[in-house]
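See structure below.
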């Protein structure tokens, strides 16, 4: 259902973006361009073969913003809200589907959680819009200023990275209000609804104090991973770009720290940029590539293989080296099924990225590093690019479209749609060792 829902939303969005009233020059509009943009919006990626600020009319930009919002909420969340809006109840099957999509521990409380998702989304985006309006309303007036604030707030919280400026946010390198607001929205969107919901519940319920030891394992792992990646990413980018005259080199000390922090937030997985990505050093691009691949937390608006996947695989590997069979984090044993899912997610993600990169090497005739960066950006639904996207061939665009779609719905979800589950066998086979290293 999730696969079909996202696909239907992409096709409907492409149709509306293809219509003459959505583009400034209808004669140059193609359905492939509309399909690419719609996929990028619904999959909250941000890659675009055209400049949204000049290619689309104000109505087209509204449609683009709507697709970002719907894609960020997710098809199953949107479907559940529509069912509840007409006064119906979610079936048990639909509740289990929502449980899997949102990575909830069980089907109980799904309806309440879906309503909370909508409320949190509107509140956070509304608050972000107010802060951003303080930047743009004085510059361009109330009408355009409020629309810019709304568009970028929606795009940031949903980790989309679409901007209505041709150079993204490079013109605001010295504006801490704008950069910190955008970064905060991206971080909140990437934390994931389960984490935000638990933090909110404990904040407002005095019987459940907001203390570290009382938080769930999922929330603790997500908060540690998010904090660690932000700190390490900021330090690495600041150190590597400190003397680069094309990026941080000519800035003041405060602006250097501000832009290094902003640049470490965006690869996970928003796609806004205040620095020219094409002028970053090779080491910084590698750090950015790594952050893009890891991505955000499960159950949120971001992409990537997810922080929890990396954490499970890393600690399981570490425990194996120590001869420990069970994976235990914060005095909680991680189930074998969770470990297997994490390993499968990591493996098939790498297989997809390598396969698409190989195909692009045949179709685009570009440098390997440029193509890998583009593919990881698309798969992790980031939206950063080293100026390759507008030059993609038709076949190259189709490959990136498929990659954005696979990254948004998940390789495991995509894989299970084509391979039927086998029934659990009651037979026990003899065990034999296999040399693996």
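Numbering (this note's numbering), first residue to last: 38 to 474.
From the three backbone atoms N, C-alpha and C, an ideal C-beta is built for every residue, glycine too.
query, result
"Which residues in the same chain have their Cβ closer than 6 Å to the Cβ of residue 393, if we skip the five residues on either side of it in sequence?", "412, 436, 440"
"Of the choices 345, 448, 442, 199, whose alpha-carbon is the least far from that of residue 261?", "345"
"Counting C-beta neighbours from all protein chains within 10 Å, is the total for residue 89 16 or more, i.e. buried, or is it exposed?", "buried"
"Please return the same chain residues whose Cβ sits closer than 8 Å to the Cβ of residue 108, not counting the five positions on each side in sequence.", "43, 46, 78, 79, 80, 81, 195, 197, 445"
"Note down the Cα distance separating residue 418 from residue 227, rounded to an integer number of angstroms.", "12 Å"
"Tell me whether the beta-carbon of residue 177 lies closer than 8 Å to the beta-carbon of residue 214.", "no"
"Since residue 205 and residue 296 are thought to touch, with beta carbons under 8 Å apart, how far apart are those beta carbons, to the nearest angstrom?", "The pair is not a contact, with the Cβ atoms about 13 Å apart (cut-off 8 Å)."
"Between residue 278 and residue 271, is the Cβ-Cβ spacing less than 8 Å?", "no"
"So, does the CB of residue 213 fall closer than 8 Å to a CB anywhere in chain B?", "Here chain B cannot be found, since the structure has a single protein chain."
"Taking the straight line between their C-alpha atoms, what separation do you get for residue 453 and residue 212?", "46 Å"
"Going by Cα to Cα distance, which pick from 192, 252, 263, 399 is closest to residue 161?", "192"
"Rounded to a whole number of angstroms, what is the C-alpha to C-alpha distance between residue 374 and residue 251?", "25 Å"
"Going straight from the alpha carbon of residue 200 to that of residue 188, what length do you get?", "8 Å"
"Does the Cβ-Cβ distance between residue 318 and residue 281 come in under 8 Å?", "yes"
"Taking the CB atoms as reference points, tell me whether residue 180 and residue 170 lie closer together than 8 Å.", "no"
"Using only alpha-carbon positions, find the residue among 369, 336, 339 that is nearest to residue 254.", "369"
"So residue 126 is in the alpha helix (DSSP H); what residue range does that whole segment cover?", "No alpha helix (DSSP H) contains residue 126, which DSSP labels as neither H nor E."
"Nearest CA to the CA of residue 350: which residue from 333, 367, 371, 338?", "371"
"What is the DSSP secondary structure of residue 370, reduced to helix, strand or coil?", "strand"
"Within the continuous alpha helix (DSSP H) that includes residue 175, where are the two ends?", "147-177"
"Compute the Euclidean distance between the alpha carbons of residue 341 and residue 234, then round it to the nearest angstrom.", "21 Å"
"Would you say the region 317-337 touches the region 290-308, given that touching needs at least three Cβ pairs under 8 Å?", "yes"
"Ends of the alpha helix (DSSP H) at residue 414?", "405-416"
"Who are the near neighbours of residue 92 in its chain, counting only those whose CB is closer than 7 Å to its CB and skipping five residues on each side?", "60, 61"
"Could you compute how far the alpha carbon of residue 379 sits from the alpha carbon of residue 339?", "17 Å"
"So residue 74 and residue 101 are supposed to be a Cβ contact under 8 Å. How far apart are they, rounded?", "7 Å"
"With a cut-off of 8 Å on the beta carbons, I'd call residue 86 and residue 399 a contact; round off their distance for me.", "Not a contact, Cβ separation roughly 19 Å."
"What is the DSSP secondary structure of residue 60, reduced to helix, strand or coil?", "strand"
"Buried or exposed: where does residue 300 fall if 16 or more other Cβ atoms within 10 Å of its Cβ makes it buried?", "buried"
"Give the DSSP-derived three-state secondary structure of residue 364 in the structure shown.", "strand"
"Can you tell me the Cβ-Cβ gap for residue 326 and residue 410, rounded? I've got them flagged as a contact below 8 Å.", "6 Å"
"Using the three-state DSSP reduction, which class does residue 466 fall into: helix, strand or coil?", "coil"
"To the nearest angstrom, how far is it from the Cα of residue 149 to the Cα of residue 114?", "12 Å"
"To which residues does DSSP link residue 442 through a beta bridge?", "Bridge partners of residue 442: none, in fact."
"Tell me the rounded alpha-carbon separation between residue 154 and residue 472.", "48 Å"
"I'd like to know whether the C-beta atoms of residue 336 and residue 230 end up nearer to each other than 8 Å.", "yes"
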